[in-house]
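Structure, as structure tokens:
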Amino acid sequence: MCGIVGYVGREQAAPILLEGLSRLEYRGYDSAGICVSADGRLQLSKSKGRLQNLIEKTENGALLPGTLGIGHTRWATHGEPNDINSHPHLSQGGKIALVHNGIIENYLELRQFLQAKGVQFASETDSEVVAQLLEFYYLQTHSVFDALYMVLHRIEGAYALGILCADEPDRIYAARKDAPLLLGYGNGCNFIASDVTALVKHTRTVAYMEDGEVAVLTRDSIRVFDAMEQEVQKERHFVDWEISAAEKGGYPHFMLKEIMEEPDAVRRTISPRLKGGRITLDDLTLTRQELEGFSRICIIACGSSYHVGVIGKYNIEKLARIPVEVTLASEFRYCDPLVDEKTLVLVISQSGETLDTMAAMREAKARGARVLSIVNVVGSSIARESDDVLYTWAGPEIAVATTKAFSTQLVLLDMIALYFADLLGRIAPERYQALVDEISRLPEKMEAILQDCKGIQHYASQYFNHESIFFIGRNLDYALGLEGSLKLKEISYIHSEAYASGELKHGTISLVEQGTLVVALSTYSPLFDKAMSNVVEVKARGAQVLALTTARHRAEMEKNADAILTIPETEDMFLPSLGVIPLQLFAYYMALQRGCDIDKPRNLAKSVTVE
Ligand code: AGP
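Quick note: the sequence shown uses the working numbering, first residue 13, plus one each step.
As structure tokens, this is what we get:
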């Protein structure tokens, strides 16, 4: 959730830290702070609100001299967002400055322990406990390294830590457990960061810290130690994308830029996997025999990634005839899940760091399940812990609301469905061929939708004042509605619900009254007539209907709907891949009309690394 950056080198650290934080702000943005070490002094500057406040306060870092420092952008968990609760936290004696991402679960007990020893706390946070505990042990051991291991043995929970000690003005310490932390290898300088976006301007050579590891960075070296304090050699990875991928490139918002990038992102995801008219999943080690041995598939994910799973269930069951269950990761861990070695668990995550998803995956693995994950961030924790990983090649996604990552996850899951159906011999060769051919046409069809978004903009300007909106649909359209509704509520703050159309009459239709906006998703041909009956049903109760359908059903839909958006024809299973784009744009333009902070919606953060 929070963003961490650290720099040790020859240049002035503060401007580098602030620039790094600007790239991490999407991880949390209720306050920010930096600490720079110079001549044995730890200089701290923190500010509530957006990073811009801190940039102004420090005159873009000019007020803080020194070539070594740490920075943090916060998404509050313990303690309201204010200057005091912001990171970095300074220990009582001023020896230690610390930034933290994650949650220290036993912080109250540790706080009481330290208070009994006379330590006074400045903030309400769990993070300050770590800074104070570290100083407490440091004063006894006179070694930050030893004291840090003592702290790590006492704290429980999740953490990525960046640490400075006033007495060691040439180094940064870092530690990690269940929260992402990267090491960046520069030329005469080194870095820590919670996300690669903060590093690519300076270096593309990174290493991923593992749970339990401690790193010591000076400007000329990075040494890493495992939980047993043994030095380990880290494998270095090359990040192969340009800094421009994480910039707005002329668009007013990352979200709009990322929607516009969807055709290319999907192309990058499918092209290397389509060879000679067939789907080849080179990274997948699963054999036909192993696949036959699974009695079911269990999909685990959160938020939009969960919606990809809901769509995937329809397509996998239909094509490969394997029973699929889709479970929210946050529920899965605590429901004594029925998974074993006969279960294939499909984990879906853009960030690869979502704590609920990671914990659910570990639970499934502990029960013997085999894990195949679909992940966007290379080298992320979920990717590294899965038995097999298939990467989506969406590139860095900065806007909190996911768009291009969603589309790449969806097309990849559809490819998996087809691959499984073929491997098990459950699809006729001609049908397989037709579907594979259609996959390669999807990017073009997506481009066609994006070329004409004026209608969507127009409807948004008409409907943005609505305070409650319903998305209805059946089958794949219902699953699509879940995503359309989430997108709308997260960035425009309009209350909205997604319902399976057939369920309306079982209760929810009581909420439909004169003027209620209903977005009727009617792209799924086999159930078009039923979708139409539902439109008539809500119209009869006074609803205004904005329908989404395919070109061939437009004329029919015009008889009842007040407004219509159309998508090109495609094979049924791919309809959500096309249908989601108008819904993303609708949410975007609605939020724009309402003057919302689209890329950084209130209370949210991109990567949810707390439970
Ligand atoms: C969607 O727009 C979200 N921001 C959110 O629901 C997201 O999909 C969810 O938190 C899961 O994230 P992940 O894919 O990185 O695991």
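Note that the Cβ used here is the ideal one computed from N, Cα and C, for glycine as well.
- Query: Could you give the uninterrupted runs of the beta strand (DSSP E) lying entirely in the region 230–272, keeping only those of 3 residues or more?
  - Reply: 234–237
- Could you have a look at Arg280 and say whether DSSP puts it in helix, strand or coil? helix
- When the distance is taken between beta carbons, is Leu76 closer than 7 Å to Ser34? no
- Quick one: is Tyr197 buried, meaning 16 or more other Cβ sit within 10 Å of its Cβ, or exposed? buried
- the ligand AGP heavy atom lying under 6 Å from the CB of Gln362: yes
- Item | Nearest candidate by alpha-carbon position, reference Leu435, set His249, Val236, Cys347 and Arg300 | Arg300
- Asp42 by DSSP, collapsed to three states: which one? coil
- Item | Reduced DSSP category for Asp449 - H, G, I as helix; E, B as strand; rest coil | helix
- the region 271–290 touching the region 301–315, judged by at least three CB pairs closer than 8 Å: no
- For Thr561, the three-state DSSP class (helix, strand or coil): strand
- Message: So if DSSP puts Glu329 in a beta bridge, which residue, or which two residues, is it bridged to?
- Response: Glu329 pairs with nothing; no bridge assigned.
- Message: Is any non-hydrogen atom of the ligand AGP found closer than 6 Å to the C-beta of Gly105, if you look at the structure I gave you?
- Response: no
- Please specify which runs of the beta strand (DSSP E), each continuous and at least 3 residues long, are wholly inside the region 179–225, giving them in chain order. 184–189, 194–197, 202–205 and 217–220
- Message: DSSP has His84 in a bridge; who is on the other side?
- Response: Ile16 and Gly45
- With which residues is Leu176 paired in a DSSP beta bridge? Ala109
- In terms of alpha-carbon separation, which member of Glu117, Ile394, Ile204 and Ser589 lies closest to Ala460? Ser589
- Message: Tell me the DSSP secondary structure of Asp671 in three-state form.
- Response: Because the chain spans 13 through 623 in this model, residue 671 falls outside it and cannot be assessed.
- Query: Three or more C-beta pairs closer than 8 Å, one from the region 283–292 and one from the region 253–266: is that the case here?
  - Reply: no
- Item | Distance between Tyr431 and Val530 (C-alpha atoms, nearest Å) | 36 Å
- CB of Glu583 within 7 Å of CB of Leu488, strictly: no
- Pull up the distance between the alpha-carbon of Asn388 and that of Gly130, whole angstroms please. 47 Å
- Relative to the C-alpha of His186, which residue among Ile204, Lys466 and Glu456 is closest? First, the amino acid is wrong: residue 186 is Ala here, not His. Answer by Cα proximity: Ile204.
- On the DSSP bridge assignment, give the partners of Arg53 in chain order. Ala50
- Check whether Thr230 and Asp182 have beta carbons under 7 Å apart: yes
- Query: Exposed or buried, Gln596, counting other C-beta atoms within 10 Å across all chains shown (16 or more means buried)?
  - Reply: buried
- Helix, strand or coil for Glu23, going by three-state DSSP, please let me know. coil
- Exposed unless 16 or more other CB atoms sit within 10 angstroms - verdict on Met585: buried
- Message: Taking 8 Å as the limit between beta carbons, can you name the residues of its chain near Asp426, skipping five residues before and five after?
- Response: Gly324, Asn327, Ile451, Met585, Phe586 and Ser589
- Would you identify the three-state DSSP class for Gln301, choosing helix, strand or coil? helix
- Message: Contact between the region 78–88 and the region 114–121 is defined here as three or more beta-carbon pairs at a separation below 8 Å; is this criterion met?
- Response: no
- Query: Tell me the DSSP bridge mates of Lys287?
  - Reply: Arg290
- Distance, Ser317 Cα to Asp399 Cα: 19 Å
- Contact between the region 492–499 and the region 593–608 (3+ Cβ pairs under 8 Å): yes
- Count the other CB atoms, across all protein chains shown, that sit within 10 Å of the CB of Gln445; report buried if there are 16 or more and exposed otherwise. exposed
- Query: Exposed or buried, Pro335, counting other C-beta atoms within 10 Å across all chains shown (16 or more means buried)?
  - Reply: exposed
- Query: Whole beta strand (DSSP E) runs in the region 358–430 with 3 or more residues, listed along the chain?
  - Reply: 382–387 and 400–403
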